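Count along the sequence shown from 1, add 36, and you get the number used in the numbering used here.
Heads up, the beta-carbon is just placed ideally off N, CA and C, and yes, glycines get one too.
Because the structure is a prediction, the values reported are computed rather than measured.
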Amino acid sequence: MKKERVGWIIVVLLVIVVVWGVVGWVGEERQEDEIVSPLVRRGEQGKKEKVEKKKENSQLNCGLAEYDFENLRKKYKAGGFEEVEWQVLDRIKEVDLRRDNLGYKTADFGFKSRRFRYKSGGKWISGMMNYFEDDKKRPMVIMIRGYADREGYYSGFGSWKMADELAKKGWLTMSMDFLGFGQSDEESVDIMEARFEKVPVVLDLMEMVKKLDFVDKDKIAIWAHSNGGQIAISVLEISEEKYPTVLWAPMTNPFPKSLWDTADEMDDGGKLVIERLEKLDKNCDVKKYSIDNYYDWLEAPVLVQQGSWDKWCKVEWQEEMVDKLGKLGKEAELVVYEKDNHNLSRNWHKAVKKAIEFYQNKFGS
Numbered sequence: 037m038k039k040e041r042v043g044w045i046i047v048v049l050l051v052i053v054v055v056w057g058v059v060g061w062v063g064e065e066r067q068e069d070e071i072v073s074p075l076v077r078r079g080e081q082g083k084k085e086k087v088e089k090k091k092e093n094s095q096l097n098c099g100l101a102e103y104d105f106e107n108l109r110k111k112y113k114a115g116g117f118e119e120v121e122w123q124v125l126d127r128i129k130e131v132d133l134r135r136d137n138l139g140y141k142t143a144d145f146g147f148k149s150r151r152f153r154y155k156s157g158g159k160w161i162s163g164m165m166n167y168f169e170d171d172k173k174r175p176m177v178i179m180i181r182g183y184a185d186r187e188g189y190y191s192g193f194g195s196w197k198m199a200d201e202l203a204k205k206g207w208l209t210m211s212m213d214f215l216g217f218g219q220s221d222e223e224s225v226d227i228m229e230a231r232f233e234k235v236p237v238v239l240d241l242m243e244m245v246k247k248l249d250f251v252d253k254d255k256i257a258i259w260a261h262s263n264g265g266q267i268a269i270s271v272l273e274i275s276e277e278k279y280p281t282v283l284w285a286p287m288t289n290p291f292p293k294s295l296w297d298t299a300d301e302m303d304d305g306g307k308l309v310i311e312r313l314e315k316l317d318k319n320c321d322v323k324k325y326s327i328d329n330y331y332d333w334l335e336a337p338v339l340v341q342q343g344s345w346d347k348w349c350k351v352e353w354q355e356e357m358v359d360k361l362g363k364l365g366k367e368a369e370l371v372v373y374e375k376d377n378h379n380l381s382r383n384w385h386k387a388v389k390k391a392i393e394f395y396q397n398k399f400g401s
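Pasting the structure below:
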């Protein structure tokens with residue numbers, strides 16, 4: 037009997053040990069998977085925090101963090117874009133020749149047109165300006181061109197014709213060449229930095245324009261075309277300025293998708309761009325460089341003018357952006373010109389008239 041009792045005691049003790057171990061193991065599992073919010077379990081929360089921490093660390097080691105929208109915004113708010121050194125230079129013969137071909141001279145409308153340059157990030161940026169030699173404070177329209185080849189390029193390329201139409205109305209204009217073009221200093225050898233540095237170049241010009249004594253500070257506006265449209269939206273989001281803005285066929289396919297989608301059209305089949313994009317995506321938070329991530333920062337009224345036969349920028353992109361801005365309570369209008377191209381060639385005069393009316397309405401004159 038004693039042996040049987042001892043045997044039963046041993047069995048009971050073993051059962052207790054096993055049950056205790058199972059309960060402890062289950063408890064640990066339940067604690068690891070405990071719900072800490074209505075949507076996220078503790079384990080998932082930990083993973084999410086690790087991913088976000090990794091992104092934060094990668095942005096610190098990105099090498100291009102100074103160009104992300106949040107850092108540029110901090111710099112702008114802190115007055116970091118205050119270089120005002122600038123110079124008026126010579127006439128631009130390539131533009132004068134084109135004016136002659138159209139049968140007019142700037143003197144016919146009382147304005148002058150010259151090359152100018154200004155400092156941005158310690159580098160000179162050249163461009164074209166239309167101005168008047170009087171004491172009257174006038175509206176200023178900052179012109180941001182789209183893509184251009186280096187071969188055959190001249191200051192004012194891609195914007196001079198529209199700039200002249202605005203000058204004929206008595207308005208000032210400044211069109212920049214960007215680094216690497218015209219008489220500007222060279223751009224970065226890093227293709228991503230060369231892309232990103234265009235935004236602070238415009239922010240510096242915006243700050244310079246505010247300080248010019250012949251500019252009506254309450255009547256500053258922006259006109260942009262194609263890739264310049266994405267730059268314009270970028271600077272408006274970062275600065276939160278309320279400058280009335282007209283965008284002709286803007287590149288609103290967000291970064292980096294806009295580059296992925298067009299990489300195969302490049303001379304090398306996009307190999308260099310793809311390699312750089314992959315490196316950027318690995319080391320940086322690419323959302324911090326994309327306009328669609330910051331639509332809520334936009335405060336400016338925007339008019340988008342788009343051709344339905346544009347093979348570079350799609351009507352659907354503009355519809356999507358305008359729709360998103362509308363849902364955020366932003367002022368955005370889209371005008372589509374049927375059977376027109378990327379330069380609105382068939383409806384050029386109509387598009388110019390619409391743009392000028394938009395500015396006049398916003399300027400109150």
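Where the beta strand (DSSP E) through residue i begins and ends
{"i": "residue 338", "result": "338-343"}
{"i": "residue 369", "result": "368-373"}
{"i": "residue 122", "result": "122-124"}
Own chain partners of residue i with C-beta closer than 6 Å, once the 5 adjacent residues on each side are dropped
{"i": "residue 334", "result": "272, 273, 366"}
{"i": "residue 269", "result": "327"}
{"i": "residue 330", "result": "105, 273"}
{"i": "residue 58", "result": "Note that residue 58 scores a pLDDT of 44, beneath 50, so its modelled location is shaky; the value from the coordinates is reported in the next line. Result list for residue 58: empty, nothing under 6 Å."}
{"i": "residue 312", "result": "227, 228"}
{"i": "residue 103", "result": "232"}
{"i": "residue 83", "result": "Because residue 83 carries a pLDDT of 45, less than 50, the predicted location of this residue cannot be relied on, and the following value inherits that uncertainty. Around residue 83: no qualifying Cβ."}
{"i": "residue 360", "result": "331"}
{"i": "residue 388", "result": "201"}
{"i": "residue 348", "result": "378"}
{"i": "residue 199", "result": "166, 179, 209, 211"}
Presumed contact (8 Å Cβ cut-off) between residue i and residue j, rounded CB distance
{"i": "residue 120", "j": "residue 180", "result": "That pair is no contact at about 20 Å."}
{"i": "residue 183", "j": "residue 262", "result": "6 Å"}
{"i": "residue 427", "j": "residue 218", "result": "One cannot answer for residue 427 here, as it falls past the ends of the chain, which runs 37 to 401."}
{"i": "residue 209", "j": "residue 202", "result": "5 Å"}
{"i": "residue 254", "j": "residue 156", "result": "Incorrect: roughly 24 Å between the Cβ atoms, too far for contact."}
{"i": "residue 375", "j": "residue 344", "result": "6 Å"}
{"i": "residue 394", "j": "residue 282", "result": "6 Å"}
{"i": "residue 173", "j": "residue 252", "result": "4 Å"}
Cβ neighbours of residue i in the same chain (closer than 8 Å, five flanking residues each side left out)
{"i": "residue 398", "result": "257, 280, 337"}
{"i": "residue 88", "result": "Summary for residue 88: the model assigns pLDDT 49, below 50, so the residue's position carries little reliability, and this model does not support an answer."}
{"i": "residue 332", "result": "364"}
{"i": "residue 244", "result": "119, 120, 122, 154"}
{"i": "residue 266", "result": "286, 287, 288, 291, 294, 327"}
{"i": "residue 382", "result": "343, 373, 375, 376"}
{"i": "residue 224", "result": "215, 230, 233"}
{"i": "residue 171", "result": "250"}
{"i": "residue 350", "result": "289"}
Best match in the options for proximity to residue i [C-alpha to C-alpha]
{"i": "residue 130", "options": "118, 312, 138", "result": "138"}
{"i": "residue 13", "options": "188, 109, 355, 228", "result": "Limits of the chain in this structure are 37 at one end and 401 at the other, which puts residue 13 out of reach."}
{"i": "residue 323", "options": "392, 388, 339, 293", "result": "293"}
{"i": "residue 259", "options": "140, 325, 390", "result": "390"}
{"i": "residue 250", "options": "199, 316, 176, 368", "result": "176"}
{"i": "residue 144", "options": "360, 371, 206", "result": "206"}
{"i": "residue 378", "options": "352, 346, 371", "result": "346"}
{"i": "residue 222", "options": "173, 198, 369, 186", "result": "186"}
{"i": "residue 28", "options": "124, 197, 362, 361", "result": "Lying before the first or after the last residue shown, residue 28 is absent from the chain, which here runs from 37 to 401."}
{"i": "residue 108", "options": "148, 235, 159", "result": "235"}
{"i": "residue 341", "options": "362, 360, 166, 369", "result": "369"}
{"i": "residue 128", "options": "169, 150, 146", "result": "150"}
{"i": "residue 168", "options": "133, 193, 124, 191", "result": "124"}
{"i": "residue 339", "options": "190, 318, 396", "result": "396"}
{"i": "residue 193", "options": "173, 171, 246, 132", "result": "132"}
{"i": "residue 158", "options": "116, 318, 211", "result": "116"}
{"i": "residue 264", "options": "173, 284, 278", "result": "284"}
Close beta carbons around residue i, own chain, < 7 Å, minus the five adjacent residues each side
{"i": "residue 100", "result": "228, 229, 232, 320"}
{"i": "residue 220", "result": "160, 161, 162, 213, 214"}
{"i": "residue 362", "result": "368"}
{"i": "residue 98", "result": "319, 320"}
Residue i, enclosing alpha helix (DSSP H) - first and last residue
{"i": "residue 390", "result": "384-399"}
{"i": "residue 109", "result": "105-113"}
{"i": "residue 358", "result": "351-363"}
{"i": "residue 316", "result": "307-319"}
{"i": "residue 135", "result": "129-137"}
Runs of alpha helix (DSSP H) wholly within the region 154-233 (minimum 4 residues, chain order): 196-204, 227-232
Taking the runs of the beta strand (DSSP E) that are 3 residues or longer, which of them lie wholly in the region 236-305? 251-261, 281-284
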